[in-house]
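Heads up: the structure comes next, in structure tokens.
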Amino acid sequence: MLLPRNRKPASLLNLPMVLKDQIAVVKRFTGGGTVVVDESTLFVSLICSSTAIPNVPCFPRPIMEWTEEVYSPVFEGAPGFRLREHDYVFGDKKFGGNAQSITKQRWVHHTSFLWDFKDERMQYLLQPGRAPEYRKLDREDYRYHLSKPWPIPLPRGCAPSPWSGTSTTPYSKEQEERAAAILRERTERMEKRELIKQAKMLALLEEQEAKTRQMEEELKKWTKEQEEKMTAIQAEVEKEEEEEKQVEEEVPLERRRGGVSTSKEEEIEKTT
1 MLLPRNRKPA SLLNLPMVLK DQIAVVKRFT GGGTVVVDES TLFVSLICSS TAIPNVPCFP
61 RPIMEWTEEV YSPVFEGAPG FRLREHDYVF GDKKFGGNAQ SITKQRWVHH TSFLWDFKDE
121 RMQYLLQPGR APEYRKLDRE DYRYHLSKPW PIPLPRGCAP SPWSGTSTTP YSKEQEERAA
181 AILRERTERM EKRELIKQAK MLALLEEQEA KTRQMEEELK KWTKEQEEKM TAIQAEVEKE
241 EEEEKQVEEE VPLERRRGGV STSKEEEIEK TT
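If you read the sequence shown in the UniProt record's numbering, its first letter stands for residue 1, the second for the next number, and so on.
The following block contains the structure:
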């Protein structure tokens, strides 16, 4: 069990059941309500600063209204999504609760989404003393878990969806046709967006491949130029070494020739 700060467990929990079943109880540093934590609870936290979203004042209500805009595209296919007081709802059905903590120009916004829940585990909770009107019903009547299939959204002016708890009237033929048309239109938009996305990705890949080929060609050209330069340098070095070798071979020959002529001159001088 996850409790908000500054709240007493006795006012939120069915303590005899909690103690009997040895349920772990943890207090968090944010406000909000009590959360039953199990494998079917999804947690999302947004940690932001005023510089990241300067158009959102660091106060609870503006932050929650901003998060409603953030999640609206996610739940576009489900009718009746909105922020109702401190909860995310479909019509009158709550599927997510919020908690916040604000410090100077930074804040954290927690959300616990109900993917599914077991009714027997909800017996560990007490009905809160202060609760919105729509939540003063049985828990099964005001909670909605996201693992349920979402219904087809109805166009404006149609009867409310039966699952919202406000009506049990079946859809008329005209309503079904209008809902189907809206669904087809949304599907076409999604397919169009997907095709545009794929076309952009394909163009980006082609551009990257072209750049890669250009770089490979430039690398081959540069490598060939370097090899030619190295070949020319090697040929020049070999030529110089050959010239030096020839010079070294000619010098001893001249010395030998010079030495013989000198000895003959000495003999001539001696005879004279």
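Ideal Cβ positions, reconstructed from N, Cα and C, are used throughout, including at glycine.
Among M64, R178, T41, F59, whose alpha-carbon lies nearest the alpha-carbon of Y88?
Nearest C-alpha to Y88: M64.
Excluding the 5 residues preceding and the 5 following Y124 in the sequence, name in chain order all residues of the same chain whose CB lies nearer than 7 Å to its CB.
M1, L13, N14, M17, V18, I23, V36, listed in sequence order.
Extract the residue ranges of the beta strand (DSSP E) inside the UniProt domain "BPL/LPL catalytic" (1–158), only unbroken runs of 3 or more that lie entirely within it.
Whole beta strand (DSSP E) segments, 3+ residues: 41–49, 81–84, 87–90, 93–103, 106–114.
Buried or exposed: which applies to A99, given that a residue is buried once 16 or more other Cβ atoms fall within 10 Å of its Cβ?
A buried status is given to A99, since no fewer than 16 other beta-carbon atoms sit within 10 Å of its beta-carbon.
Would T30 and H145 qualify as a contact pair, given that the criterion is a beta-carbon distance under 8 Å?
No; because the gap between Cβ atoms is not below 8 Å, this pair is not in contact.
Please classify W107 as buried or exposed, where buried requires at least 16 neighbouring CB atoms within 10 angstroms.
Under this definition W107 is a buried residue.
Measure the CB-CB distance between F59 and S112 and report whether it falls below 8 Å.
No; because the gap between Cβ atoms is not below 8 Å, this pair is not in contact.
Below 8 Å on the Cβ atoms is my contact criterion, and I expect P4 with R28 to pass it. Report the Cβ-Cβ distance as a whole number of Å.
Confirmed, Cβ separation roughly 7 Å.
Do W66 and V74 come within 8 Å of each other at the CB atom, strictly closer than that value?
Cβ distance not < 8 Å, so V74 and W66 don't count as in contact.
Inter-residue Cα distance where the pair is E216 and E206
It is roughly 15 Å from the alpha-carbon of E216 to the alpha-carbon of E206.
Would F95 and G80 be called neighbours here (beta carbons separated by less than 8 Å)?
Contact flag unset, no.
Kindly list the residues whose CB is nearer than 6 Å to the CB of V26, restricted to its own chain and excluding five residues on each side of it in sequence; keep chain order.
Hits under 6 Å: L2.
Applying the criterion that 16 or more other CB atoms from any shown protein chain within 10 Å of the CB defines a buried residue, is R184 buried or exposed?
Burial is judged here by how many other beta carbons sit within 10 angstroms of a residue's own beta carbon; R184 has fewer than 16 and is exposed.
Give the single residue among E68, W115, W222, E120 whose Cα lies nearest to the Cα of D21.
Closest in alpha carbon position to D21, among E68, W115, W222, E120, is E120.
Taking its Cβ as the centre, do 16 or more other Cβ atoms sit within 10 Å of K118, making it buried, or is it exposed?
Residue environment analysis places K118 among the exposed positions, since fewer than 16 neighbouring C-beta atoms fall within 10 angstroms of its C-beta.
From E250 to E218, what does the alpha carbon distance come to, in whole angstroms?
So the alpha carbons of these two residues sit roughly 48 Å apart.
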